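Residue numbers (the numbering used here): 7 to 193.
Using N, Cα and C, we set each Cβ at its ideal position, and we do this for glycine too.
Just so we're clear, the structure is a prediction, and the values are computed from it rather than from any experiment.
Some notes on the structure that comes next.
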């Protein structure tokens with residue numbers, strides 16, 4: 007039977023594919039190659055809508071609340087660390103989007119800003135995902151009883167639909183386009 011953490015870990019695998027694509031595109035820029043500025047805007051849209059909107063929305067609005075309701079400390083522990091890292095990710099994403107717009111507008115510093123923010127975001131998220139997969143999610147599975155977990159799955163669907171009615175299909179397709187474009191880049 008699928009658990010809420012199974013859903014979140016599956017989403018992590020999609021996010022990791024986009025992180026790989028972002029890292030590859032940033033490396034092309036760092037070597038002086040060209041990448042369509044809209045590629046980075048697409049990544050930012052994916053991050054805002056899926057990684058942050060849907061995925062972190064499920065964690066912050068459903069999982070963390072259920073964990074706290076079943077005994078996890080709300081302050082100073084793993085949940086507080088994850089929330090702080092979500093905020094750091096949002097800051098990187100805003101800076102990445104701004105730099106992509108700058109690249110499109112001919113800003114000579116934009117390339118460097120894209121590379122640094124992409125690297126920072128990728129490193130943050132990879133580390134964050136490991137912490138959740140290996141530490142937080144097993145804790146959640148132990149704390150949250152099955153009836154509450156079943157209710158969480160329904161709440162997850164509501165979070166995704168609130169982001170956009172076709173969230174799963176839209177963001178899966180966007181991730182696939184991002185990954186495909188990254189595989190066609192050359193210096």
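Minimum Cα-Cα distance from residue 43 among the listed residues 142, 135, 111 corresponds to 111. The C-beta of residue 136 has fewer than 16 other C-beta atoms within 10 Å across all chains shown, which makes the residue exposed. Rounded to whole angstroms, the gap between the alpha carbons of residue 59 and residue 117 is 26 Å. Nearest neighbour of residue 150 by Cα position, chosen from 77, 66, 62, 163, turns out to be 77. In the DSSP assignment, residue 120 falls within the unbroken alpha helix (DSSP H) covering 116-137. Per the Cβ contact rule, the stretch 47-55 is in contact with the stretch 175-191 (3 or more Cβ pairs under 8 Å). Going by C-alpha positions, residue 69 is about 17 Å away from residue 167. Under the three-state reduction of DSSP output, residue 176 falls in the helix class.
Here the C-alpha atom of residue 113 lies approximately 38 Å from the C-alpha atom of residue 14.
The continuous alpha helix (DSSP H) containing residue 145 extends over residues 143-149. Annotation for residue 18: the continuous alpha helix (DSSP H) segment containing it runs 10-36.
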